[in-house]
Every structure is written in C-alpha cells, then in structure tokens.
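Asks:
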Amino acid sequence: SVGIGAYLVRLGQRAIQKSADSPIILTGYQALNKLMGKNIYTSNDQLGGPMIMFPNGVSHLLVDDHLNAVLSAVNWLSYVPSVRGMPLPITDITGIDLVDRPVQWRP
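This is the structure:
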C-alpha cells in the first residue's frame, strides 16, 4: 500500500502483509532520494517492506500469497463470536495461561 492506503493499514486491528513485494509506505524511495539530494534508498522495501513493518508491529502476520492471507483472516475470525454479544467460541481456557504463576524475569 502506497500513499493514503498506508494510513488505512495502521488503522485496522490486524494487518496481514505478503512476505515479498508488499511495502506499506506513504512516499516512495525515489521521492525521498530526490528530497535528500542523493541515492540513499534503493527500494520501497527498505522503507516499509515486511522486514521493517512486521518487527515494528505494523503488520501482525506475514504470508506468502493472497490465499494464505485470506485463510489467516478467516482463522482469526474463528476466535470471534458469530453474533455480537454472544460468548466466545472458545469457552474452556483453563490451563492455557494461569494467573498464579512464578515470574521468571528480573530487571
């Protein structure tokens, strides 16, 4: 997504990005190079490619193609009730993440 569409990606609750050729940027690398007066960037992936956006938390999942993106979105939707206000599809979460557990990390 280039331009205003990049804002829309960040406004969403979940963003799925293709793992290749799918930058999420406001301005292309050519325009930034022109602004800087020298060639700093060689591709849009350096600005907003999956190796930038995924570690930064802008995109939440990387997939190989559009089909896997749709399948991943459907999988995420399976955790949401089909009707607003209804109980979650997963009702037994005992043992998944216990509240009373030892903390293993210290500063």
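Each position in the sequence shown, counted from 1, maps to that position plus 10 in the working numbering. Even for Gly, the Cβ is constructed at its ideal location relative to N, Cα and C.
So for Q40, helix, strand or coil by DSSP?
Replies: To locate residue 40, count along the sequence shown from 1; it is residue 30. Here Q40 sits in helix by DSSP.
Asks: Just mark G59 as buried or exposed, buried being the case when its beta carbon has 16 or more other beta carbons within 10 Å.
Replies: Taking the sequence shown and counting its residues from 1, the one referred to as residue 59 is at position 49. By the neighbour-count rule (16 or more Cβ atoms within 10 Å), G59 is buried.
Asks: Can you tell me the Cβ-Cβ gap for I34 and S69, rounded? I've got them flagged as a contact below 8 Å.
Replies: Here residue 34 corresponds to residue number 24 of the sequence shown, with the count starting at 1. Here residue 69 corresponds to residue number 59 of the sequence shown, with the count starting at 1. Contact flag correct, Cβ pair sits at about 7 Å.
Asks: In angstroms with no decimal places, state the Cα-to-Cα distance between L45 and I62.
Replies: Indexing the sequence shown from 1 puts residue 45 at position 35. Indexing the sequence shown from 1 puts residue 62 at position 52. Taking the straight line from one Cα to the other gives about 21 Å.
Asks: Report the option in V109, G95, V19, Q40 whose CA atom is closest to the CA atom of S32.
Replies: Numbered from its first residue, the sequence shown carries residue 32 at position 22. Cα-wise, what sits closest to S32 is V19.
Asks: Determine whether the Cβ of L98 lies closer than 8 Å to any Cβ atom of chain C.
Replies: This model lacks chain C altogether; it includes just one protein chain.
Asks: What residue does the alpha helix (DSSP H) around V19 start on, and which one ends it?
Replies: Mapped onto the sequence shown, residue 19 falls at position 9. Run containing V19: 14 to 21, per the alpha helix (DSSP H) assignment.
Asks: By the DSSP assignment, the alpha helix (DSSP H) with L57 in it spans what residues?
Replies: Reading the sequence shown from its first residue, position 47 is the one you call residue 57. Residues 55 to 58.
Asks: Quick one: what's got a C-beta closer than 7 Å to Q56's C-beta in the same chain, skipping five residues either side?
Replies: Taking the first residue of the sequence shown as 1, we reach residue 56 at position 46. The answer, listed in chain order, is Y39.
Asks: Ends of the alpha helix (DSSP H) at V73?
Replies: As a working mapping, residue 73 is identified with position 63 in the sequence shown. Segment 71 to 73 is the beta strand (DSSP E) holding V73; no alpha helix (DSSP H) there.
Asks: Just to confirm before moving on: does the CB-CB distance between S29 and V90 stay below 8 Å?
Replies: As a working note, residue 29 is residue 19 in the sequence shown. As a working note, residue 90 is residue 80 in the sequence shown. Result no, Cβ atoms of S29 and V90 do not sit closer than 8 Å.
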